[in-house]
Amino acid sequence: MKMNVKDGKTLLVDGPASVTLVSGKAEVFGYALRNMEKVVIRDGKRMPFFIKEPATFNVALGENANVEEVDGNTIPTSWDEAYEELLTVQTKPAVALVLGTVDSGKTSFCTYLVNKLLNEKRKVAILDGDLGQSDIGPPCTLAYAFVPRHVTDLFNLEAKNAFFVGVTSPSRAAEKVIYGLTLLKSEILSGNSDFVIVNTDGWVEGEDAVRYKAQLIEKIEPSIIYCIQQDEKLKPLIEAVKLFRTVIIDSPQTIKQRSRDKRRSLRELGYIKYLKNSRVQSIPMSWLKIESEEFLVLGKNFLDKRREREIYDLLGMKPLYMVELRDRIYVVIGRNRWINPENIKRAEEALGKRVVVTFKGDEKGL
0 MKMNVKDGKT LLVDGPASVT LVSGKAEVFG YALRNMEKVV IRDGKRMPFF
50 IKEPATFNVA LGENANVEEV DGNTIPTSWD EAYEELLTVQ TKPAVALVLG
100 TVDSGKTSFC TYLVNKLLNE KRKVAILDGD LGQSDIGPPC TLAYAFVPRH
150 VTDLFNLEAK NAFFVGVTSP SRAAEKVIYG LTLLKSEILS GNSDFVIVNT
200 DGWVEGEDAV RYKAQLIEKI EPSIIYCIQQ DEKLKPLIEA VKLFRTVIID
250 SPQTIKQRSR DKRRSLRELG YIKYLKNSRV QSIPMSWLKI ESEEFLVLGK
300 NFLDKRRERE IYDLLGMKPL YMVELRDRIY VVIGRNRWIN PENIKRAEEA
350 LGKRVVVTFK GDEKGL
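In numbering that gives the first Met the number 0, the protein residues as written are 0 to 365.
If you want it as structure tokens, here you go:
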């Protein structure tokens with residue numbers, strides 16, 4: 000369908016959809032569209048088209064897609080101020096790290112920074128540290144890309160390299176995530192980028208999350224940290240990183256909260272992107288090295304028998320599955336079973352590790 004939109008308005012489009020600028024001037028995340036340029040919006044994504052001059056669009060909507068006009072620019076003014084501050088960073092390459100809760104606009108802000116920097120002919124790299132909603136690499140990976148041209152969706156970038164973590168949440172692999180991001184950052188620095196934008200996951204609440212993010216920041220050593228503030232959830236984390244150069248920015252008021260199904264759908268698109276031309280191959284087991292502490296393998300665990308018995312005795316029962324990692328122990332029990340909380344506390348004190356108990360079936364997708 001054809002839509003005519005006045006200047007000073009924003010066209011908000013929820014995917015799956017495609018939008019073609021027929022005439023006029025409009026921009027998406029700081030990128031000025033060319034006439035007859037088509038932009039594809041994925042299912043579960045929302046894209047804002049800010050109208051600079053009266054514009055005509057051809058809009059094609061898929062199932063459950065939506066389009067609406069709103070007054071003004073939905074990009075917060077604090078984003079433009081944040082970009083101007085980034086330009087004042089003297090370190091080269093300048094490393095900007097973005098923090099925020101789930102669905103706060105982290106990826107949109109990263110895209111905005113990338114486009115604004117490309118407008119100034121700067122060389123930019125983007126490091127994606129969001130395991131569950133990976134844009135650049137497949138789900139469960141960390142990845143980076145050098146950005147050769149303006150983008151409306153980071154998903155369209157080709158990963159230069161990726162680091163496999165194997166889970167969708169850093170809460171189960173914090174040390175590995177920190178190691179992987181540090182490794183990839185070192186690779187990026189060996190290139191010729193002027194700016195490195197680091198996107199992070201939305202795990203920010205609780206002592207473990209704050210500790211993890213603080214350790215990550217110490218290793219990444221960003222030149223500047225952007226904190227997207229929606230409410231008070233980010234306050235403890237902001238306090239923890241106050242020794243770094245920190246800028247508080249706003250979350251867009253029109254940000255869309257995604258359902259669990261939409262998140263799963265976006266992950267599926269990530270798998271399709273990287274597996275669409277795949278082939279089945281057989282590899283001899285002798286070529287492989289299985290690192291037991293990296294995986295929760297159902298039906299088999301890699302603890303020695305003496306250690307198993309010690310943990311069983313502390314818990315007061317034998318679980319279905321169990322695996323011990325560097326900083327915690329995962330335990331899976333039957334739906335009708337129960338572990339005394341006092342036993343869990345005793346086990347944590349004796350073992351010096353957190354004990355995470357999950358019911359059978361709930362461990363899927365962790």
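All residues carry an ideal CB built from backbone N, CA and C; glycine is no exception. What you are looking at is a predicted structure, and each value in this text was computed from that prediction instead of being measured.
Residue i beta carbon near the ligand COA (any heavy atom closer than 6 Å)
i	result
E309	Questions concerning the ligand COA fall outside what the structure shown contains, since it holds no ligand whatsoever.
Close Cβ partners of residue i (< 6 Å) along its chain, the five nearest in sequence each way excluded
i	result
V58	M0, M2, V18, V66
G29	Y111, N114, K115
E36	L20
E204	K232
Pair within 7 Å by beta-carbon distance, residue i and residue j
i	j	result
V4	A64	no
V331	P318	yes
I50	V12	no
P219	V88	The residue you asked about is not Pro; residue 219 is Ile in the sequence shown. Not in contact: I219 and V88 (Cβ atoms no closer than 7 Å).
G367	P251	There is no way to answer for residue 367, as the model of the chain reaches only from 0 to 365.
P92	S192	yes
V123	F194	yes
7 Å CB neighbourhood of residue i in its chain, flanking five on each side removed
i	result
S133	D127, T140, A142, G269
G333	L319, K359
A25	L32, F48, F49, I50, K51, A54
Spatial neighbours of residue i in its chain, beta-carbon cut-off 8 Å, leaving aside the 5 residues before and after
i	result
S168	L130, G131, D200, W202, L365
Q449	Residue 449 lies beyond the range of the chain shown here (0 to 365); nothing can be said about it.
K261	D42, G43
Option in the options with minimal Cα separation from residue i
i	options	result
K373	A31, N335, T181	Nothing can be reported for residue 373: it is not among the residues displayed for the chain, which extend from 0 to 365.
A172	P15, I328, K8, T357	I328
N72	L153, T9, S281	T9
F43	W337, R353, R259	First, the residue type needs correcting, since residue 43 is Gly and not Phe in the sequence shown. The residue with the shortest Cα to Cα distance from G43 is R259.
Y225	V39, T76, L85	L85
I100	I196, I248, V279, D79	Reading the sequence as shown, one finds Thr at residue 100 and not Ile. With distances taken between Cα atoms, T100 lies closest to I248.
E267	G61, I338, P137	P137
A208	S185, K184, V240	V240
H149	I187, A213, V27	V27
> Would you call the region 156-174 and the region 228-248 in contact, with 3 or more CB pairs under 8 Å?
Replying inline: no
> Hey, is the region 193-201 in contact with the region 127-134, meaning 3+ C-beta pairs nearer than 8 Å?
Replying inline: yes
>> What ranges does the beta strand (DSSP E) occupy inside the region 18-106, keeping only unbroken runs of at least 3 residues that lie completely in it?
In response: For the region 18-106, whole beta strand (DSSP E) runs of length 3 or above, ordered along the chain, are 37-40, 45-60, 65-70, 93-99.
> Do the region 328-348 and the region 311-318 make contact, defined as three or more Cβ pairs closer than 8 Å?
Replying inline: yes
>> Using a Cβ distance threshold of 8 Å, determine whether the region 144-158 contacts the region 173-181, with at least three qualifying pairs required.
In response: no
> What beta strand (DSSP E) runs, 3 residues minimum, are completely inside the region 180-260?
Replying inline: Annotation: the region 180-260 contains the following complete segments of the beta strand (DSSP E) (minimum length 3 residues), in chain order: 194-199, 223-228, 245-249.
>> At 3 residues or longer, what runs of the beta strand (DSSP E) sit wholly inside the region 118-188?
In response: 123-128, 140-146, 160-163
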